[in-house]
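The numbering of the sequence shown is this note's numbering, which starts it at 543 and goes up by one. Encoded as structure tokens, the structure appears first; notes follow it.
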Amino acid sequence: MRAVVRREYGDTSVLHVEDVPEPALEPGHVIIDVAATGVNMAEWHLMAGRPSVARLALGIRRPKRPVLGQDVAGIVIAVGEGVTRFAVGDAVFGSAKGSWAERAAANADLLQPLPPATSFEQAAAVPMSGYTALQALRAAGDIEGRSVAITGAGGGVGSYAVQLAAARGAHVTAVCSAAKAAFVRDLGAHEVIDYATTDPTDPGRTPRRFDAVLDFAGGLPLTRWRRVITPGGRLVLGGAENGGPVLGPLSRSLQAPFTRGLKATTLVATTNGDDIAALADALGGGTLRSTRSATYAFAEAARAVDALCAATHPGKIVLVP
Ligand SMILES: NC(=O)c1ccc[n+]([C@@H]2O[C@H](COP(=O)([O-])OP(=O)(O)OC[C@H]3O[C@@H](n4cnc5c(N)ncnc54)[C@H](OP(=O)(O)O)[C@@H]3O)[C@@H](O)[C@H]2O)c1
Numbered sequence: 543m544r545a546v547v548r549r550e551y552g553d554t555s556v557l558h559v560e561d562v563p564e565p566a567l568e569p570g571h572v573i574i575d576v577a578a579t580g581v582n583m584a585e586w587h588l589m590a591g592r593p594s595v596a597r598l599a600l601g602i603r604r605p606k607r608p609v610l611g612q613d614v615a616g617i618v619i620a621v622g623e624g625v626t627r628f629a630v631g632d633a634v635f636g637s638a639k640g641s642w643a644e645r646a647a648a649n650a651d652l653l654q655p656l657p658p659a660t661s662f663e664q665a666a667a668v669p670m671s672g673y674t675a676l677q678a679l680r681a682a683g684d685i686e687g688r689s690v691a692i693t694g695a696g697g698g699v700g701s702y703a704v705q706l707a708a709a710r711g712a713h714v715t716a717v718c719s720a721a722k723a724a725f726v727r728d729l730g731a732h733e734v735i736d737y738a739t740t741d742p743t744d745p746g747r748t749p750r751r752f753d754a755v756l757d758f759a760g761g762l763p764l765t766r767w768r769r770v771i772t773p774g775g776r777l778v779l780g781g782a783e784n785g786g787p788v789l790g791p792l793s794r795s796l797q798a799p800f801t802r803g804l805k806a807t808t809l810v811a812t813t814n815g816d817d818i819a820a821l822a823d824a825l826g827g828g829t830l831r832s833t834r835s836a837t838y839a840f841a842e843a844a845r846a847v848d849a850l851c852a853a854t855h856p857g858k859i860v861l862v863p
């Protein structure tokens, strides 16, 4: 079967479509005929082997698992021992390691039926960004009636965090480029800060202080955020691409306990079936919408990852075989 692989670490020139062996069917798993798969910054990190501390797990000199991908939507074509929730022919979405392939093996606990009126491409754009947003909101605590700022609001995680925070009754300030202002307002943001012209951490210019900040852009020092977070409020360190080649976002997390007067939580999102079920319910119930805005073919995976890094498209990018 065809898959998007990288045999060495590097920029997007290391991505190739290759023939690879079919995935093995293990107990508790199903095999999915992949219709669409999501593109996340995680794939960039896995492709680049950055931050380099991650290579301790990924493979020091070269990646141990050549096939990328983790979000999936498609049709079940084989069911492993012990799986009772799914049958051959079911349309599903969720998480499957190695999903940038024509077929992928997935733990059945990490899948849900494709929600009604949702396409494979729309569904594949949800899992990782969606459960990261859910877990970030959980880390922020009770946000009903509170003021919440979300950076990276026009991207994958941010576009779900804006919707989920607004649905929970928060007053949402989205921080994004001017090009994505209309997009985030449409998702439910009450206020928009264009970071190119307005510093969201300037207490003089910020309309109010924030009870929680979900930071998925990471461009600003922790001490600056401290100025605009209410006493008792919390900064959730969701992501940063400017943390250096060795430690990446960990460098900010390591500073957080030493930043007096700031309550910060480092988010390490984990795949879990309950969150994927919650996302499926929200999609099916119309309280969350997929933010897929661009689709690339497997053969264009390098262009898709370049577009992700350049923040070309609002929301999410998906790949199709
Ligand atoms: N903690 C975890 O477990 C976890 C899980 C998933 C992802 N992440 C991390 O979370 C971050 C976001 O991931 P993603 O998948 O949402 O990436 P993404 O789709 O690329 O979104 C990032 C967005 O940030 C915006 N941006 C760039 N500079 C900004 C700034 N200074 N202020 C506000 N927005 C800015 C970009 O668009 P504009 O510049 O056009 O606004 C882009 O839309 C990444 O660092 C990723 O690695 C962490």
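All C-beta atoms, glycine included, are put in the ideal place defined by N, C-alpha and C.
Quick check: does the Cβ of residue i come within less than 7 Å of any heavy atom belonging to ligand 1?
| i | result |
| --- | --- |
| K722 | yes |
| M583 | yes |
| L850 | yes |
| A759 | yes |
| V699 | yes |
| V609 | no |
| L821 | no |
| T813 | no |
| V714 | no |
| E663 | no |
| T807 | no |
| T674 | yes |
| M589 | no |
| T554 | no |
| T626 | no |
| G781 | yes |
Can residue i and residue j be called in contact, C-beta distance under 8 Å?
| i | j | result |
| --- | --- | --- |
| G616 | A577 | yes |
| D518 | R688 | This structure cannot speak to residue 518, because the chain is shown only from 543 to 863. |
| E585 | V862 | no |
| V668 | A695 | no |
| A836 | I859 | yes |
| A724 | D736 | no |
| P657 | G826 | yes |
| T743 | R776 | no |
| H587 | A596 | yes |
| R907 | R604 | Since the first residue of the chain shown is 543 and the last is 863, residue 907 is not available in this structure. |
| W642 | V546 | yes |
| T801 | R768 | yes |
| L676 | A820 | yes |
Can you have a look at residue i and say buried or exposed, based on whether 16 or more other CB atoms are within 10 angstroms of its CB?
| i | result |
| --- | --- |
| E686 | exposed |
| S555 | exposed |
| R747 | exposed |
| T813 | buried |
| G570 | exposed |
| L796 | exposed |
| T715 | buried |
| D817 | buried |
| P763 | exposed |
| N784 | exposed |
| G803 | exposed |
| I602 | exposed |
| A682 | buried |
| V726 | buried |
| P787 | exposed |
| G750 | Before going further, note that residue 750 is Arg rather than Gly in the sequence given. Classification for R750: exposed. |
| A674 | Before going on, a small fix: residue 674 reads as Thr here, not Ala. By the 10 Å Cβ count, T674 comes out buried. |
| V699 | buried |
| A721 | exposed |
| T740 | exposed |
| G857 | buried |
Taking the continuous beta strand (DSSP E) assigned at residue i, which residues delimit it?
| i | result |
| --- | --- |
| P791 | Counting along the chain, P791 falls outside any beta strand (DSSP E), and DSSP gives it neither H nor E. |
| E733 | 733-736 |
| F752 | 752-757 |
| R845 | Taken as a continuous stretch (DSSP letters only), R845 belongs to no beta strand (DSSP E), being part of the alpha helix (DSSP H) at 843-851. |
| A695 | Note, A695: premise wrong, no beta strand (DSSP E); not H, not E. |
| L861 | 858-862 |
| R544 | 544-547 |
| A716 | 713-718 |
| E560 | 558-561 |
Can you give me the start and stop residues for the alpha helix (DSSP H) that residue i sits inside?
| i | result |
| --- | --- |
| A820 | 815-827 |
| F702 | Note on identity: in this sequence residue 702 is Tyr, with Phe being the wrong assignment. Unbroken alpha helix (DSSP H) run through Y702: 698-709. |
| A646 | Per DSSP, A646 belongs to no alpha helix (DSSP H); it is in the beta strand (DSSP E), 645-649. |
| H587 | 583-590 |
| Q508 | Residue 508 cannot be examined here, being either before or after the span of the chain that is shown, 543 to 863. |
| Q612 | Looking at the DSSP string, Q612 is not in any alpha helix (DSSP H), and its letter there is neither H nor E. |
| V595 | That residue, V595, is in no alpha helix (DSSP H); it is neither H nor E in DSSP. |
Using a Cβ-Cβ cutoff of less than 6 Å, which residues in the same chain neighbour residue i once the five nearest sequence positions on both sides are dropped?
| i | result |
| --- | --- |
| L756 | A678, I692, A703, V778, G780 |
| L567 | I573, A620, G622 |
| F758 | T693, G694, V699, G700, G780, G781 |
For residue i, which residues in the same chain have their Cβ closer than 7 Å to its Cβ, ignoring the five residues on either side in sequence?
| i | result |
| --- | --- |
| A666 | A578, T579, G580, D613, V614, A615, F635, V860 |
| A707 | L679, I685, V690, I692, V714 |
| T765 | T801 |
I'd like the list of long-range same chain contacts for residue i, defined as Cβ closer than 8 Å, with 5 residues on each side in sequence excluded.
| i | result |
| --- | --- |
| V630 | V618, I619, A620, V621 |
| R710 | L679, I685, E686 |
Just checking residue i against ligand 2 - is the residue's beta carbon closer than 7 Å to any of the ligand's heavy atoms?
| i | result |
| --- | --- |
| G631 | For the structure depicted, ligand 2 is absent and the ligand set comprises only ligand 1. |
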